[in-house]
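Novice: So the protein sequences, as listed, match chains A and B.
Here the first sequence stands for residues 128 to 237, where the numbers follow this note's numbering.
Here the second sequence stands for residues 128 to 237, where the numbers follow this note's numbering.
Protein chains: 2
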Amino acid sequence: MTHPLVPSDRVEAAPVYSRDGAKIGTIERLMLEKATGTVAYAVVKSGGFLAERHHYPVPWSALKYNVARRAYEMDLTVEDLRSGPSELDGETFDWGDRSRTYRHPQYWTV
Amino acid sequence: MTHPLVPSDRVEAAPVYSRDGAKIGTIERLMLEKATGTVAYAVVKSGGFLAERHHYPVPWSALKYNVARRAYEMDLTVEDLRSGPSELDGETFDWGDRSRTYRHPQYWTV
Chain A
128 MTHPLVPSDR VEAAPVYSRD GAKIGTIERL MLEKATGTVA YAVVKSGGFL
178 AERHHYPVPW SALKYNVARR AYEMDLTVED LRSGPSELDG ETFDWGDRSR
228 TYRHPQYWTV
Chain B
128 MTHPLVPSDR VEAAPVYSRD GAKIGTIERL MLEKATGTVA YAVVKSGGFL
178 AERHHYPVPW SALKYNVARR AYEMDLTVED LRSGPSELDG ETFDWGDRSR
228 TYRHPQYWTV
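Have a look at this one:
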């Protein structure tokens with residue numbers, strides 16, 4: 128039996144795999160709508176030790192958890208993600224700064 | 128201007144104050160409904176260094192963020208929380224174990 132709930136700190140840092148089996152990266156955080164307490168999107172961090180890191184907004188519904196793999200799987204490829212918006216590592220974007228408008232759309236769909 | 132979104136890792140560890148101004152504790156994590164990506168409740172951890180720690184499920188709507196204070200405020204007292212369900216620190220409850228039924232109600236209201 129699977130549990131209907133999942134703790135936020137368990138989602139964070141979970142690995143994410145693409146449709147073709149490649150590891151895209153890990154979930155970095157969830158962006159929540161303050162008013163409703165609903166996940167607007169997850170932020171998936173790509174890239175390895177020396178690679179350039181991208182931060183992709185991914186809708187919650189696109190992330191399917193595979194219990195055996197202990198990872199999220201997406202019906203998307205890295206190319207699909209790259210064709211959408213992303214934040215590049217090293218940009219001076221302050222995730223916690225509420226005075227700035229977040230440049231990703233709130234409900235981003237692939 | 129306040130931003131409509133908040134990152135999950137910013138919510139986690141935020142202080143929580145009661146109606147009478149007392150510090151209840153901090154937000155420990157959020158429990159999310161897998162199906163919808165909605166916060167079922169936040170877990171507020173009470174207690175200090177030597178005190179017994181309780182983990183209280185608190186509905187998202189009961190937590191109001193005070194920007195100046197950088198903390199969440201509740202229209203509840205510690206006594207209100209104590210009259211509801213809680214998990215005591217030291218219990219061998221595995222938050223990540225999906226095979227167990229979580230003993231708090233999913234939508235707990237004070």
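Backbone N, C-alpha and C fix where the C-beta goes; we use that ideal spot for every residue, glycine too.
If you run the structure through DSSP and keep just helix, strand and coil, what is ALA169(A)?
Specialist: If you number the first sequence from 1, residue 169(A) lands on position 42. ALA169(A) falls in the strand class under three-state DSSP.
Novice: So, at 7 Å on beta carbons, what are the nonlocal neighbours of ARG180(A) in its own chain, with the 5 sequence-adjacent residues on each side left out?
Specialist: Along the first sequence, read from residue 1 onward, the residue named residue 180(A) stands at position 53. Excluding positions up to five away in sequence, the list reads LYS172, SER173, GLY174 and ASP216.
Novice: Just tell me which of ASP136(A), VAL143(A), HIS182(A) and THR153(A) has its CA closest to the CA of ASP202(A).
Specialist: If you number the first sequence from 1, residue 202(A) lands on position 75. The shortest C-alpha separation from ASP202(A) is found at VAL143(A).
Novice: Let me make sure I understand the geometry here. Which of ASP136(B), THR153(B), SER145(B) and ARG137(B) has the alpha-carbon closest to that of VAL170(B)?
Specialist: Working through the second sequence from its first residue, we reach residue 170(B) at position 43. Cα-wise, what sits closest to VAL170(B) is THR153(B).
Novice: Given SER188(B), which residues of its chain have a CB within under 6 Å of its CB, disregarding the five upstream and five downstream residues?
Specialist: Your numbering for residue 188(B) matches position 61 in the second sequence. Closer than 6 Å at Cβ, skipping near neighbours: no residue.
Novice: Please name the residues in the stretch 133–155 of chain B whose beta-carbon is closer than 9 Å to at least one beta-carbon of chain A, in chain order.
Specialist: Those residues of the stretch 133–155 of chain B that come within reach of chain A (Cβ to Cβ, closer than 9 Å) are VAL133, PRO134, SER135, ASP136, ARG137, VAL138, GLU139 and GLU155.
Novice: Helix, strand or coil for GLU139(A) per DSSP?
Specialist: Your numbering for residue 139(A) matches position 12 in the first sequence. Of the three classes helix, strand and coil, the one that applies to GLU139(A) here is coil, per DSSP.
Novice: Between ALA198(B) and ALA141(B), how many whole angstroms is the CB-CB distance? I'm expecting something under 8 Å.
Specialist: Within the second sequence, numbered from 1, the residue matching residue 198(B) stands at position 71. Within the second sequence, numbered from 1, the residue matching residue 141(B) stands at position 14. So it is a contact: roughly 6 Å between Cβ atoms.
Novice: Can you grab the Cα-Cα spacing for the pair GLY164(B) / ALA178(A), in whole Å?
Specialist: The count along the second sequence starts at 1 and reaches residue 164(B) at position 37. The count along the first sequence starts at 1 and reaches residue 178(A) at position 51. About 30 Å.
Novice: What does THR204(B) touch in chain A if you count any residue whose Cβ is under 9 Å from its own?
Specialist: Looking up residue 204(B) in the second sequence gives position 77. Correct list: empty, because the minimum Cβ distance to chain A is about 22 Å.
Novice: Between which two residues does the beta strand (DSSP E) harbouring GLU206(B) extend?
Specialist: To locate residue 206(B), count along the second sequence from 1; it is residue 79. Where GLU206(B) is concerned, there is no enclosing beta strand (DSSP E), although the alpha helix (DSSP H) it sits in stretches over 205–209.
Novice: Alpha carbon to alpha carbon, what distance is there between MET158(B) and ASP147(B)?
Specialist: Residue 147(B) sits at position 20 when you count from the first residue of the second sequence. Residue 158(B) sits at position 31 when you count from the first residue of the second sequence. Rounded to the nearest angstrom, the two C-alpha atoms are 26 Å apart.
Novice: Does DSSP classify ALA189(B) as helix, strand or coil?
Specialist: Along the second sequence, one-based indexing puts residue 189(B) at 62. In this structure, ALA189(B) counts as helix in the three-state DSSP scheme.
Novice: Does chain B have any CB closer than 9 Å to the CB of SER173(A)?
Specialist: Walking along the first sequence from the start, residue 173(A) turns up at place 46. Chain B contact via Cβ: absent.
Novice: By the 10 Å Cβ neighbour count, where 16 or more other Cβ atoms means buried, how is VAL194(A) classified, buried or exposed?
Specialist: Counting from 1 along the first sequence, the entry for residue 194(A) is found at position 67. Per the 10 Å Cβ criterion, exposed.
Novice: Can you tell me whether PRO212(A) is buried or exposed? The criterion is at least 16 other CB atoms within 10 Å of its CB, across all chains shown.
Specialist: As a first step, residue 212(A) must be located in the first sequence, where it is residue number 85. Result: exposed.
Novice: Using DSSP bridges, identify the partner residues of THR163(B).
Specialist: Position 36 of the second sequence, counted from the start, is the residue given in the question as residue 163(B). Looking at the DSSP assignment, THR163(B) forms no beta bridge with any residue, so it has no partner.
Novice: Can you tell me where the beta strand (DSSP E) with ALA198(B) in it begins and where it stops?
Specialist: In the second sequence, counting from the first residue as 1, residue 198(B) sits at position 71. Residues 198–200.
Novice: Please report the residue range of the beta strand (DSSP E) in which THR133(B) lies.
Specialist: Position 6 of the second sequence, counted from the start, is the residue given in the question as residue 133(B). For the sequence presented, residue 133(B) should be read as Val rather than Thr. Taken as a continuous stretch (DSSP letters only), the beta strand (DSSP E) holding VAL133(B) covers 132–134.
Novice: Between GLY211(B) and chain A, is any beta-carbon pair separated by less than 9 Å?
Specialist: Taking the second sequence and counting its residues from 1, the one referred to as residue 211(B) is at position 84. It does not: the Cβ of GLY211(B) has no partner Cβ on chain A nearer than 9 Å.
Novice: So what's GLY148(B) in DSSP terms, helix, strand or just coil?
Specialist: The sequence position of residue 148(B) within the second sequence is 21, counting from 1. Residue state, collapsed to three classes: coil.
Novice: With DSSP collapsed to three states, give me the class of PRO232(A).
Specialist: Locating residue 232(A) in the first sequence gives position 105, where the first residue counts as 1. The predicted model places PRO232(A) with a pLDDT of 45, which falls under 50 and marks its position as unreliable; any figure quoted below should be read in that light. Looking at PRO232(A) - three-state DSSP - the assignment turns out to be coil, as it is neither helix nor strand.
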